[in-house]
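What follows is a short report on a single structure.
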Amino acid sequence: MIKLRSKRFCRGSFKLGGNGGGGGNTAVKGNERGSCGGTNNGEIKWELRPGGMLVQKRESGESVGDLITVRVSTVSQWHDISIEATSTFGELKMVLSLVTSLEPKEQRLLFKGKERDNSEYLHMVGVRDKDKVLLLEDPAIKERKLHGLAGGQAIGTPCRTISV
């Protein structure tokens, strides 16, 4: 039989400071001796979400609305494209159509081994700054182009059979 004991990792009380709980961001400080052992003079920033939930504010290095650089790699070359993180793959295809000579409907974008739809958002799929996206030409459209070029040419004189 196993007996489980609970341990307290943090000892100390927390005091509300800042706006006095009137909405918006508030700061919570540990007591003077420090919370969770040692001296901790840092502040924990809180934000009030629209649903009324109080959560700790994120302190990530990049914001969702910032510009990110995506390295788009084709078979023979690569392009560094700066685009907003909240853009869609369709918007990325529009920018790529200016750089390459491919129309957006002729492009296939692959990220993490999967083809991405035009309506998928870059940040929701997980595209971050300096990530690599693979650009391929749609093989069906490429084949149609080749058949269109071959079908548009007039049939000339037949070739002679060469026997050796």
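If you're matching positions, the sequence shown starts at 689 in the numbering used here and goes up one per residue. We put the beta carbon where it would ideally sit given N, CA and C, even for glycine.
Under the rule that 16 or more other beta-carbon atoms within 10 Å means buried, what is residue i, buried or exposed?
{"i": "residue 755", "result": "exposed"}
{"i": "residue 744", "result": "exposed"}
{"i": "residue 832", "result": "exposed"}
{"i": "residue 742", "result": "exposed"}
{"i": "residue 771", "result": "buried"}
{"i": "residue 804", "result": "buried"}
{"i": "residue 784", "result": "buried"}
{"i": "residue 834", "result": "exposed"}
{"i": "residue 780", "result": "buried"}
Assign residue i to one of three DSSP states: helix, strand, or coil.
{"i": "residue 737", "result": "coil"}
{"i": "residue 808", "result": "coil"}
{"i": "residue 829", "result": "helix"}
{"i": "residue 836", "result": "helix"}
{"i": "residue 813", "result": "helix"}
{"i": "residue 802", "result": "strand"}
{"i": "residue 732", "result": "strand"}
{"i": "residue 745", "result": "coil"}
{"i": "residue 754", "result": "coil"}
With residue i and residue j assumed to form a contact (beta carbons below 8 Å), what rounded beta-carbon distance in angstroms separates them?
{"i": "residue 809", "j": "residue 788", "result": "Not really, about 22 Å apart at Cβ, beyond 8 Å."}
{"i": "residue 821", "j": "residue 790", "result": "That pair is no contact at about 14 Å."}
{"i": "residue 836", "j": "residue 806", "result": "About 24 Å separates the two Cβ atoms, so there is no contact after all."}
When you compare each of the options to residue i by their alpha carbons, which one comes out closest?
{"i": "residue 759", "options": "823, 795 and 814", "result": "823"}
{"i": "residue 782", "options": "774, 795 and 849", "result": "795"}
{"i": "residue 799", "options": "814, 793 and 807", "result": "814"}
{"i": "residue 811", "options": "773, 763, 761 and 769", "result": "773"}
{"i": "residue 793", "options": "834, 768 and 827", "result": "827"}
{"i": "residue 766", "options": "819, 739 and 732", "result": "819"}
{"i": "residue 763", "options": "850, 825 and 851", "result": "825"}
Compare the C-beta of residue i against all C-beta atoms of chain B and say whether one is closer than 9 Å.
{"i": "residue 768", "result": "Given the protein chain composition of this structure (a single chain), no chain B is represented."}
Is any heavy atom of the ligand GTP found at a distance shorter than 8 Å from the C-beta of residue i?
{"i": "residue 803", "result": "In the structure on display, the ligand GTP does not appear, and there are no ligands present to speak of."}
Length at least 3, wholly inside the stretch 757–797: the beta strand (DSSP E) runs in chain order | 766–772
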